[in-house]
Structures are given as C-alpha cells and as structure tokens.
Amino acid sequence: MSRNQLPWYVDFFGSEDYKSIYESRLSDYASTHEAQFVERVLDLKRGDKVLDLVCGHGRHAIPLAKHGIDVTGLDLNADYLDQAQRSAKAAGVSIETVHSDMRQIPHTNEFDAVINMFTAFGYFDTDAENAKVLRSVATALKPGHPLLMDLLNREWVVSNYIQNEWHDDGTGTLYIEHRELDLASSRNRVSFTVVEPDGTRRDVKGHDIRLYTLKEIIDMLGDAGLEYEKVYGGYNKEPYNIDTRRMILVARKPY
C-alpha cells in the first residue's frame with residue numbers, strides 16, 4: 293500500500309506537518325492545563341490507573357504521571373509512543389505504552405478512568421466503526437468508573453464555519469487551512485497548503501473527522517453500555533452550549 297492509500301490518520305499523524313501546524317495548540321502550557329482539568333473533573337488520585345486513549349506523544353500522559361497517576365498510553369503511531377517514553381524518562385516519570393488501534397483496547401475491567409483528548413474520535417469511515425471504540429472503552433473500564441471525551445463541538449463548527457484561514461509559525465512558514473464541512477455526512481474535511489519562506493508550496497492531506505452532536509454521542513454511549521453524566525464547554529469547566537468550541541463529555545460504566 294502506498295502512502296497515498298493509507299488512512300488519513302496514519303498519513304497525517306505520521307508526518308511532521310501535524311505538529312508544525314498545531315504547534316501552539318500542543319504547547320506544554322495547554323497540555324498541562326488540560327491534564328489538570330482532567331484530574332479535577334474525574335477526581336483522580338495518586339495510584340489511579342488511567343488509559344490515555346490515542347495518547348500521541350504523551351502530552352497529557354506525562355503531566356498526569358507527574359501527579360502520581362498510573363498512566364497507560366495507547367496509540368496506533370509507534371513513533372509517538374517511542375517519543376512519549378523518551379519524554380517521560382526525561383521528566384523523571386514512568387508510563388506504560390500500548391501500540392494498538394483504538395477499536396481494540398487489549399484490557400478488560402482494568403482502568404479507573406479512560407480519557408480521549410483533542411477530538412481523537414470520529415476517525416473512521418462509518419458510525420459502526422466509531423462505535424467499536426466506545427464498546428472497547430466499556431470493556432476496558434472497571435465497573436463504576438468514568439470515560440472523559442474531549443471533542444470539537446459540532447454546533448460551534450457549523451455556526452463559526454470559515455472555509456479558509458491561515459497562520460504562520462513565526463519563522464516565515466505559512467499554513468493555509470481549507471475546510472469542507474459536509475452537512476450530509478457531518479464530516480469536517482480539512483486540508484492544508486504549506487508555503488515555505490522561499491515561496492515553495494506543498495499540499496498536506498489533513499484530516500477527515502465525523503463530528504457528532506451531543507445527542508448522537510449520548511445515544512452511542514448508551515448503546516456501548518456507558519451512562520452519560522455531564523458535558524462541559526471547555527477546560528475551565530464552562531457550561532456547554534452552541535458557542536463553546538469544545539464538547540467534553542463524562543460518562544460512566546455502570547456497576
């Protein structure tokens with residue numbers, strides 16, 4: 293299979309462009325603030341076993357581990373897991389890492405909490421495949437324990453839709469973001485054009501994510517055997533509404 297035939301999430305996250313494009317959003321400050329929010333909302337304690345589902349390079353796993361949380365990070369990108377282990381070692385903490393598809397969590401009744409951050413859901417082509425993720429989470433959680441999902445708010449995306457935006461990275465490289473919001477499929481398809489300081493242009497495929505409404509996610513959680521509890525609109529525990537950029541849900545596996 294050629295690189296152009298790979299699923300978008302393998303192609304995009306396997307490139308250096310992802311981190312360059314979202315550098316400010318992936319900062320240490322943002323990551324620490326988000327991890328602190330997770331700790332507060334889930335009332336995590338030292339020694340709690342937490343699965344960071346689609347952990348990337350460990351930007352939430354490491355600050356949680358610094359507070360004594362027993363973190364396992366799962367990701368499909370082996371390079372990210374290697375980077376997470378190196379960063380954890382440099383930070384003086386230990387984390388476990390698992391190389392796996394998020395639909396196939398290889399644990400049963402093991403975790404005190406599962407977290408899924410930065411819209412790391414809705415990657416797959418069908419709702420049925422995305423639903424497998426939630427069923428796998430339900431299997432991995434201990435009875436009575438929570439899932440926290442940090443998603444982009446579909447209602448905000450619709451009401452704030454801008455097809456083209458750009459930003460530069462401070463070094464002269466320009467990133468032009470092109471969005472195609474397909475209301476029939478509720479998928480947000482994003483591609484990029486990178487313009488280097490010397491004027492060289494190249495296209496980056498980007499991402500293709502199914503955005504769910506709050507009602508749709510609540511129904512999917514219920515179908516997976518998880519009970520919806522609460523939703524927030526941001527990392528400062530803002531109330532969720534149409535104007536909040538994030539939709540952060542908490543659900544629980546019943547006893």
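So in our numbering, the last one in the sequence shown is 547, and the numbering has no gaps at all.
All C-beta atoms, glycine included, are put in the ideal place defined by N, C-alpha and C.
Which same chain residues, not among the five before or five after Ile-468, have their C-beta less than 6 Å away from its C-beta? Contacts found: Trp-458, Thr-485.
Cα-Cα separation between Met-539 and Lys-434, rounded to whole angstroms: The straight-line gap from Cα to Cα measures roughly 24 Å.
Going along the chain, which residues of its own chain have a beta-carbon closer than 8 Å to the beta-carbon of Ile-454, five neighbours each way excluded? Arg-471.
Under 8 Å between C-beta atoms of Gly-360 and Gly-339: Yes. Within cutoff.
Between which two residues does the beta strand (DSSP E) holding Gly-498 run? That run of the beta strand (DSSP E) goes 493 to 502.
Rounded straight-line distance, which links the Cα of Gly-525 to that of Ile-510: Roughly 15 Å separates the two Cα atoms.
How would you write the range of the beta strand (DSSP E) that Ala-543 sits in, first residue to last? 538 to 544 is the span of the beta strand (DSSP E), which, as asked, contains Ala-543.
Figure out for me which residue from Ala-357, Ile-387, Glu-326, His-349 has the closest Cα to the Cα of Met-441. It is Glu-326 whose Cα lies nearest to the Cα of Met-441.
Could you compute how far the alpha carbon of Lys-337 sits from the alpha carbon of Ile-354? Going by the C-alpha atoms only, they are around 15 Å apart.
Between Leu-366 and Leu-343, how many whole angstroms is the CB-CB distance? I'm expecting something under 8 Å. About 6 Å separates the two Cβ atoms, so the contact holds.
What number of angstroms, rounded off, separates the C-alpha of Asp-460 from the C-alpha of Leu-466? Rounded to whole angstroms, Asp-460 to Leu-466 spans 4 Å at the Cα level.
Using the C-alpha atoms, what's the distance from Asn-369 back to Phe-416? Counting only the Cα atoms, Asn-369 lies some 16 Å from Phe-416.
C-beta atoms of Val-390 and Leu-439 nearer than 8 Å: Going by C-beta atoms, Val-390 is not nearer than 8 Å to Leu-439.
So what's Lys-381 in DSSP terms, helix, strand or just coil? Helix.
Buried or exposed, going by whether 16 or more other CB atoms sit within 10 Å of the CB of Ala-420? By the neighbour-count rule (16 or more Cβ atoms within 10 Å), Ala-420 is not buried but exposed.
For Met-293, the three-state DSSP class (helix, strand or coil): Residue confidence for Met-293 is low, a pLDDT of 44 falling below 50, so the modelled location carries little weight; the figure read from the coordinates is stated next. The three-state secondary structure of Met-293, taken from DSSP, is coil.
Return the bridge partner residues of Met-441 from the DSSP annotation. Answer is Asn-408, Leu-541.
Measure the C-alpha to C-alpha separation of Gln-396 and Asn-422 and round it to an integer number of angstroms. Taken atom to atom, the span from the alpha-carbon of Gln-396 to that of Asn-422 is near 11 Å.
Would Val-523 and Leu-503 be called neighbours here (beta carbons separated by less than 8 Å)? Result no, Cβ atoms of Val-523 and Leu-503 do not sit closer than 8 Å.
What do you get for Asn-480, buried or exposed, if any count of 16 or more other CB atoms within 10 angstroms of its CB means buried? Residue burial annotation: Asn-480 is buried, with at least 16 other C-beta atoms found within 10 angstroms of its C-beta.
Specify the secondary structure class of Asp-335 as computed by DSSP and reduced to three states. Correct three-state label for Asp-335: coil.
Pull up the DSSP beta-bridge partners for Glu-508, would you. Residue pairing of Glu-508 in beta bridges, as defined by DSSP: absent, with no partner found.
Are there 16 or more other CB atoms within 10 angstroms of the CB of Thr-492, so buried, or fewer, so exposed? It counts as exposed.
Going by DSSP, what residue range makes up the beta strand (DSSP E) through Glu-530? Segment: none, Glu-530 is in no beta strand (DSSP E) and carries neither H nor E.
Separation of Phe-304 from Ser-483, as counted between CA atoms: When rounded, the distance between both Cα atoms is 10 Å.
For Phe-416, three-class secondary structure by DSSP: Coil at Phe-416, not helix or strand.
Presumed contact (8 Å Cβ cut-off) between His-437 and Phe-403, rounded CB distance: The beta-carbon distance between His-437 and Phe-403, rounded to whole angstroms, is 7 Å. This is short enough to meet the 8 Å contact definition.
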